[in-house]
Amino acid sequence: MNITAVFPGTFDPFTVGHLDIVKRGAALFDKLIIAVANSPSKNTLFDLDTRCKMTRDALSLYKNVTVVPFSGMLVDFLKENHANVLLRGIRSVHDYDYEAQLTGMYGALMPELEVVFLNTKAEVSFISSTFVREIVIHKGDVTPFVPENIADYIRSH
């Protein structure tokens, strides 16, 4: 059986927490699509093309992982990409509650969808893109929180 999963997010920026989920997801599924959301309602620090490029560079060693920009409804993206598994990372009970509500909505729109939650590892569970953006805005060092290529990009811009 060939299973395609989608790991969606804004990835603004892609963090080592995201990387943890991707590494583990890449080992579980035949194909893993990282769906980088346009999300115009979110005031992103990096534009969509930059977020996709940084994420692609961070994941270049994973042969079964692709990075694709998307906008619109996630269930439409899943259907267009013949994916019936949604991969989500869970850091806390708060994340679980939010994701459980979304799972109900997605299930109503796409009954064949399976949602897989991966708990983040303890050493990265406190990392969020929101906190990393704050560090970037205040010109702090994000090196411990993002892959090396992303830290290099942030330092050079």
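In my numbering, the protein residues as written are 11 to 167. The beta carbon of each residue, even a glycine, is placed where N, CA and C say it ideally should be. Here the structure is a predicted model, which means the values were calculated and not measured.
Checklist entry - Looking at the unbroken alpha helix (DSSP H) that takes in Ala110, where does it start and where does it end? => result Val103 to Leu119
Checklist entry - Any contact of the segment 37-57 with the segment 68-81, i.e. 3+ C-beta pairs under 8 Å? => result yes
Checklist entry - Are the segment 11-29 and the segment 114-123 in contact at 8 Å, needing three or more beta carbon pairs? => result no
Checklist entry - Span of the alpha helix (DSSP H) holding Val146? => result Ser139 to Ile147
Item to check | Proximal residues to Leu97 (C-beta, below 6 Å), its chain only, five neighbours per side dropped | outcome: Contacts found: Ala15, Phe17, Gly35 and Val126.
Next on the checklist: Let's test the definition: count the other Cβ atoms within 10 Å of the Cβ of Phe141 and tell me whether it reaches 16, buried, or not, exposed.
Outcome noted: exposed
Item to check | Cα-Cα separation between Tyr163 and Ile147, rounded to whole angstroms | outcome: C-alpha separation (whole angstroms): 14 Å.
Checklist entry - Which class does Asn159 belong to by DSSP, given the choice of helix, strand or coil? => result It is helical.
Item to check | Cβ separation of Gly99 and Thr130, assumed to be a contact under 8 Å, to the nearest whole Å | outcome: 5 Å
Checklist entry - Can you name, in chain order, every residue of its own chain whose Cβ lies under 7 Å from the Cβ of Asp30, other than the five neighbours on each side? => result Cβ within range, chain order: Thr130, Lys131 and Val134.
Checklist entry - Between Ile160 and Ala47, is the Cβ-Cβ spacing less than 9 Å? => result no
Item to check | Inter-residue CB distance, Asn91 and Leu123 (contact presumed, cutoff 8 Å) | outcome: Asn91 to Leu123, Cβ: 12 Å. No contact.
Item to check | Nearest-angstrom Cα separation, counted from Met120 out to His143 | outcome: Note that residue 143 corresponds to Arg in the displayed sequence, not to His. C-alpha separation (whole angstroms): 33 Å.
Checklist entry - If you count every other CB in all the chains shown that lies within 10 Å of the CB of Arg165, and 16 or more means buried, which is it? => result Result: exposed.
Next on the checklist: As a quick exercise: from Thr65, Tyr72 and Leu55, pick the residue whose alpha carbon is nearest that of Leu38.
Outcome noted: When each option's Cα is compared against that of Leu38, the closest is Tyr72.
Checklist entry - With DSSP run on the structure shown, which of helix, strand or coil describes Ala45? => result Strand, per DSSP.
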